[in-house]
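Data first, discussion second: the structure below is written as structure tokens.
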Amino acid sequence: MKMRATLGVVMVLVLTQCGTPSAPQCHSLPRASRGDTSVMLAEARSSWQLVSRTGDPAAVAAYNAAVAKLFDHLHCGSGSIQDKAAAMGTTIDETHSLGAGIHLKDLDAIMPAASIDTKAIGARHVSGGIGVPVVGWKKTAEEGKPRWEFEPPTGVPLNLTALLRFPEGKPPQWSFAYPGRVKTAEVGHRKVSVAADWSAASALYWKMSDLDDLDLAKVFLPSRFSDETALYVSSPYDPKRIPVVMVHGLNSSPGAFKRLYNELNREPWFRENYQVWFYSYPTGNNWLYSAANFRLAMASADKYARKQGPTDKWEKMVVIGHSMGGVISHASLMKPGDAMYQAFQQRPLDQVTSNKNLREAVRLLTMYEPLEPPDRVIFMAAPHQGSPMADRFFTAWMRNLIRLPKTLTVNLIDFTLHDLGSVISSGESSSKGWLTSMGSLSPGYPAYKAMREAPMRSGLKVHSVIGDRGRGDTPNSSDGIVPYWSSHLDGVESERIVPSGHSVQNCPEAEVEVKRILKRHLDGQPRATP
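Here it is as structure tokens:
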């Protein structure tokens, strides 16, 4: 009782402090950037001219140093960025969109990439060249105002490079470009590679995003986070690139993939050919229910993508599921037939309940068609047969603390936990906690019988990445949470065992394996045109 009260106090304190942080603002000039802007402009101009004549790397470095100081004058302090540009005798090229129809005037903040701490996502990955890498931030539009589809719930970062050009006979002009698309800048008659920071925008996203907050609360109070059950894009949808959908696990969030995403995004072949989507959901709910919502979210995304143009890249989608996210993915990609329903009930559904809404909800949960696409799935530390940890004493105690929603909804169909339990629990849901996520991860949960019997969707390519904590004792190994016998699947295209605990998505060897699989996925396909 004392432990429960302590946990309750901690949860209240955490929840009262939650909320999206404000975008970073520069209120006063850094000491190193103070001084006469006309002198800095002269330094930048002379270096620009030298680069145009010789391409000298030292001149590029001198130009970047001067422009970095001038950019501080541009984004620090009060007033609009346009007024500050005019005050130093420069103009801004605002004729081009920065992406997704966003223009410079729409940004809520813009800052040097170097000012953003990237430690939380791993190593900082940069490309040398001319210009100053910066990050723009546009917060999500308020309710009722136009948004682009699957927009992140708090806002979107824009990875940009600031350039200050010196056109003949005109004032110096600022421009901002995405370095993944604009790879070179014309300096006189010379083309020079554009500098880029491939990590800062992602680091800012996770700092600002509430998808990466309160993981524990999403287990114990799933109803509070039901509105976050959705697919989100990391950048506006592009029909020319293959989607990679990442599905996180228990006591987790899309932020579980922040390091993997950082390592993938450093690769030019990945940036040019792939786009990342994240599925977010409260992890206290039974995974059978979460899988149904995942399928519905994917169906909505599929409908959207088919309206945007060619679907050849969309249909080559790859799903990456970690831990319980792997179980959700597995359940959504298999052909259950009647196996899932019969794992819980032997009587026909119409004999079990006369409630039409409940019968339809049960069909959505247990008798459904598998997702198509994706074309390939990568399971990472997925407990396909459950985890013995779910049956430990402390886990049983913890699942009793989970406060499930009184009413669940699938595809606009409402039903109560009591009604659901009466159909798919055989009277054991209360004693074993099967209606919670932790209870549904028990190896004794009946749904795993169906997962053993039902085949994967035909044509699906399957890969497994499994941790063994570095002990090398497979097949008797475990990642500390999931044993090998549960994470192993027969007949997969590849299985890679890495020296890692349960967070295999953060293991360098696993990152290499995911890159190998994604590169192989591109074989025989036309590469995207930058």
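Our numbering numbers the first residue of the sequence shown as 38 and each following residue consecutively. A virtual CB, placed ideally from N, CA and C, is assigned to each residue, including glycine. Given the structure is predicted, the values throughout are model-derived calculations rather than measurements.
inquiry  = Going by the DSSP bridge assignment, what does K575 pair with across the sheet?
reply    = With the chain covering only 38 through 567, there is no way to say anything about residue 575.
message = Measuring only the C-alpha atoms, how far is S360 from H112?
response = 42 Å
Contacts around S164, its chain only, beta-carbon distance under 6 Å, and the 5 residues preceding and following it disregarded = A233
inquiry  = Given this structure, state the Cα-to-Cα distance separating S115 from Q62, to the nearest angstrom.
reply    = 10 Å
inquiry  = Relative to the C-alpha of P407, which candidate in S479, M488, L141 has its C-alpha closest?
reply    = If we check each option's Cα against that of P407, M488 comes out closest.
ask   = From the DSSP output, which residues share a beta bridge with I415?
value = I357, H500
Bridge partner(s) assigned by DSSP for D451 = D451 pairs with T446.
query = Can you tell me the Cα-Cα spacing of Y316 and A328, whole angstroms?
reply = 11 Å
query = What are the boundary residues of the beta strand (DSSP E) that includes R533?
reply = 531-535
task = Could you check how far apart the C-beta atoms of F213 and P149 are, in whole angstroms? I think they sit under 8 Å.
result = At roughly 12 Å, the Cβ-Cβ gap does not stay under 8 Å, so F213 and P149 are not in contact.
query = Counting Cβ pairs, one atom from each stretch, are 3 or more of them under 8 Å apart for the segment 129-147 and the segment 183-199?
reply = yes
task = Pull up the distance between the alpha-carbon of L31 and that of L454, whole angstroms please.
result = Because the chain in this structure spans residues 38 to 567, residue 31 falls outside the shown range and cannot be described.
query = Three or more beta-carbon pairs under 8 Å between the segment 367-384 and the segment 545-561, yes or no?
reply = no
inquiry  = the ligand FAD and G507: does the residue's C-beta get closer than 7 Å to at least one heavy atom of that ligand?
reply    = Here there are no bound small molecules, and the ligand FAD is not part of this structure.
Backbone secondary structure at L200 - three-state DSSP = strand
ask   = Thinking just about the alpha-carbon of each residue, which of G538, Y485, D375 is nearest to the one in R400?
value = D375
key: Secondary structure of K207, DSSP reduced to three states   = coil
request  = Report all residues from its chain with a CB closer than 8 Å to the CB of R278; omit the five preceding and five following residues, and keep chain order.
outcome  = The residues are E309, N310, Y311, Q312, K350, A565.
task = Would you mind giving the Cβ-Cβ distance between K295 and S239, rounded to the nearest angstrom? I have them listed as a contact below 8 Å.
result = 7 Å
request  = Go to R227, then tell me how far its beta strand (DSSP E) extends in each direction, as first and last residue.
outcome  = 227-230
query = By how many angstroms is the C-alpha of Y318 removed from the C-alpha of S474?
reply = 12 Å
ask   = Which residues in the same chain have their Cβ closer than 6 Å to the Cβ of R227, if we skip the five residues on either side of it in sequence?
value = Around R227: S89, G92.
query = Alpha carbon to alpha carbon, how far is V551 from A79?
reply = 48 Å
key: Same chain only: Cβ atoms within 6 Å of E532, ignoring 5 sequence neighbours per side   = S501
inquiry  = Between A81 and V104, how many whole angstroms is the CB-CB distance? I'm expecting something under 8 Å.
reply    = 5 Å
query = Tell me the DSSP bridge mates of T128?
reply = Q210
request  = Compare the C-beta of I139 against all C-beta atoms of chain C and say whether one is closer than 8 Å.
outcome  = Included in the structure is just one protein chain, with no chain C present.
ask   = Looking at the unbroken beta strand (DSSP E) that takes in F606, where does it start and where does it end?
value = Summary: the structure shown does not reach residue 606, with the chain confined to residues 38 through 567, and so no result is reported for it.
task = Please report how far the alpha carbon of W471 lies from the alpha carbon of R413, in whole angstroms.
result = 30 Å
key: For Y269, the residue or residues it bridges with in DSSP   = Note: Y269 sits in a beta bridge opposite F315.
task = For P280, name the three-state secondary structure that DSSP assigns.
result = strand
query = Identify the residues that DSSP records as bridge partners of A233: which are they?
reply = S164
key: Boundaries of the alpha helix (DSSP H) in which M8 is found, first to last residue   = Because the chain is modelled from 38 through 567, residue 8 falls outside the range shown and cannot be assessed.
query = Ends of the beta strand (DSSP E) at V104?
reply = No beta strand (DSSP E) holds V104; the alpha helix (DSSP H) holding it covers 94-112.
inquiry  = Residues in the same chain with beta-carbon distance under 6 Å from M417, minus the five sequence neighbours each way, listed in chain order, please.
reply    = H359, V502, V541, Q542
query = For M404, which three-state DSSP category applies?
reply = Coil at M404, not helix or strand.
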